[in-house]
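Read the structure below first, then the notes.
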Amino acid sequence: MTTIRPIVKEDAKRIAKYANNREIWLNLRDYFPHPYSLDDAYGFVEMVNGPGSNKIFAIANEEAFIGVVGIHPLTDIYGRTAELGYWLGEPYWSKGHVSKAVELMIDYTWQETDIIRIEAGVFDYNPASMRVLEKCGFYEEAIRKNRLIKDGKICDEHMYVLLLPIS
Ligand SMILES: CC(C)(COP(=O)(O)OP(=O)(O)OC[C@H]1O[C@@H](n2cnc3c(N)ncnc32)[C@H](O)[C@@H]1OP(=O)(O)O)[C@@H](O)C(=O)NCCC(=O)NCCS
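Mapped onto my numbering, the consecutive letters of the sequence shown carry residue numbers 5 to 171.
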């Protein structure tokens with residue numbers, strides 16, 4: 005079973021073990037460290053449990069931490085929009101964990117926050133992440149050409165969006 009729960013200090017070793025992976029770093033923004041040390045993991049645990057508007061959770065299976073999912077609400081006039089992000093330890097890929105975790109994160113967002121728009125920017129070489137978002141009901145709003153540079157390469161960003169359903 006896949007769940008989401010708060011991130012605790014005891015997760016730090018597994019965070020460092022799985023986050024220290026170039027295949028994960030390649031799909032995330034450059035503030036995600038590489039290599040990823042145990043100190044980075046402790047800093048991350050402190051950050052997510054500190055003040056601020058991040059709502060970031062552990063993805064866990066029956067046994068332990070396997071990844072991270074979270075939303076980051078934007079500010080100013082974009083304050084009712086949140087960016088969605090996630091990564092999963094490579095041994096657990098392609099078993100449906102992130103699709104389930106994103107579904108849970110969507111429920112949390114609609115029920116516990118005033119966010120009305122969730123968006124995720126996916127690098128053009130990451131079809132698995134696009135598939136996760138499509139399975140969770142997101143639509144592709146735009147392809148933002150040449151929007152980013154990662155690992156020295158210029159890439160397009162696929163902007164996926166989910167709007168609060170009108171009841
Ligand atoms: C992308 C990532 C989050 C996917 O997590 P996951 O738990 O493996 O995803 P799921 O198993 O829920 O779903 C993956 C889907 O993508 C599909 N997929 C996997 N590789 C694919 C590929 N190369 N091309 C097309 N589809 C692919 C899977 O078949 C599955 O779809 P299906 O259920 O219809 O068969 C995970 O691989 C990861 O952490 N990658 C590195 C970090 C990252 O990319 N974060 C997101 C940044 S936007």
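Even for Gly, the Cβ is constructed at its ideal location relative to N, Cα and C.
Segment limits, alpha helix (DSSP H) that includes residue i
i   : result
I19 : 16-23
Identified DSSP bridge partners for residue i
i    : result
W91  : V72
G125 : M163
Y143 : V165
P77  : A86
K154 : K157
I8   : I63
R148 : E161
Residue i to residue j span [Cα, whole Å]
i    : j    : result
A23  : L167 : 30 Å
F142 : Y164 : 6 Å
K139 : P55  : 32 Å
R18  : F36  : 16 Å
A64  : S171 : 31 Å
Under the three-state DSSP convention, the category residue i falls into
i    : result
F48  : helix
T117 : coil
K104 : helix
P131 : helix
K13  : helix
I170 : coil
The beta strand (DSSP E) enclosing residue i, as first and last residue numbers
i   : result
R33 : It is not in any beta strand (DSSP E) - R33 carries neither H nor E in the DSSP assignment.
K59 : 59-64
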